[in-house]
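For reference, each letter of the sequence shown is one residue, going 55 to 171 in this note's numbering.
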Amino acid sequence: MAPLELERPVPYPVPPPRGFRRALERGTRTTTGQPGPSYWRQYAASRISVSLDTQAKRVEASVRIRYRNNARDTLRVLALHLHQNLHQAGVVRNESQEITQGMTVSRVSVAGQHLHR
Numbered sequence: 055m056a057p058l059e060l061e062r063p064v065p066y067p068v069p070p071p072r073g074f075r076r077a078l079e080r081g082t083r084t085t086t087g088q089p090g091p092s093y094w095r096q097y098a099a100s101r102i103s104v105s106l107d108t109q110a111k112r113v114e115a116s117v118r119i120r121y122r123n124n125a126r127d128t129l130r131v132l133a134l135h136l137h138q139n140l141h142q143a144g145v146v147r148n149e150s151q152e153i154t155q156g157m158t159v160s161r162v163s164v165a166g167q168h169l170h171r
């Protein structure tokens, strides 16, 4: 008895997403998805100093972040995600959390120059 041969349907071609096509055009990715000749990485190093006041139930900290922008373009926006502000009063959250004073950013400087809001 001869083996049964089934014809497998050929799927429609899947076009690559627009972002991937753009990365190919810019040379930041190859067709295999590997980094291309124009690929670059950012670099950040941080130093954190922390003090804990157990009586006041307060943590104070300062952080120095050295960020190196290796892109050909300038860095136009700086975003700081203050996840601990989940605990600040009046913040929307999905479940109940202990209420604290949250986090306060008192100063941001770039290349020694203070930025203002």
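Positions of the beta carbon are idealized from the N, C-alpha and C atoms, including for glycine.
For V45, collect the residues of the same chain with a Cβ closer than 7 angstroms to its Cβ; drop the 5 residues on either side in sequence, then sort them by chain order. Residue 45 lies beyond the residue range present for the chain, which begins at 55 and ends at 171; the question has no answer from this structure.
Starting from the Cα of A98, find the closest Cα among G87, N123 and S105 and give me that residue. Taking the sequence shown and counting its residues from 1, the one referred to as residue 98 is at position 44. It is N123 whose Cα lies nearest to the Cα of A98.
Could you please give the first and the last residue of the uninterrupted alpha helix (DSSP H) stretch that includes E79? To locate residue 79, count along the sequence shown from 1; it is residue 25. Taken as a continuous stretch (DSSP letters only), the alpha helix (DSSP H) holding E79 covers R72 to R80.
Note down the Cα distance separating R80 from T128, rounded to an integer number of angstroms. What you label residue 80 is simply residue 26 of the sequence shown in a count that begins at 1. What you label residue 128 is simply residue 74 of the sequence shown in a count that begins at 1. Distance between the alpha carbons of R80 and T128 is about 17 angstroms.
Have a look at S92 and R62 and give me their C-alpha separation to the nearest angstrom. Locating residue 92 in the sequence shown gives position 38, where the first residue counts as 1. Locating residue 62 in the sequence shown gives position 8, where the first residue counts as 1. Rounded to whole angstroms, S92 to R62 spans 40 angstroms at the Cα level.
Is it true that the CB of A125 sits closer than 8 angstroms to the CB of W94? Residue numbering aside, residue 94 sits at position 40 when the sequence shown is read from its first letter. Residue numbering aside, residue 125 sits at position 71 when the sequence shown is read from its first letter. Their beta carbons are under 8 angstroms apart, which means W94 touches A125 by this criterion.
Count the other CB atoms, across all protein chains shown, that sit within 10 Å of the CB of A115; report buried if there are 16 or more and exposed otherwise. On the sequence shown, residue 115 is found 61 positions in, with the first residue counted as 1. By the 10 Å Cβ count, A115 comes out exposed.
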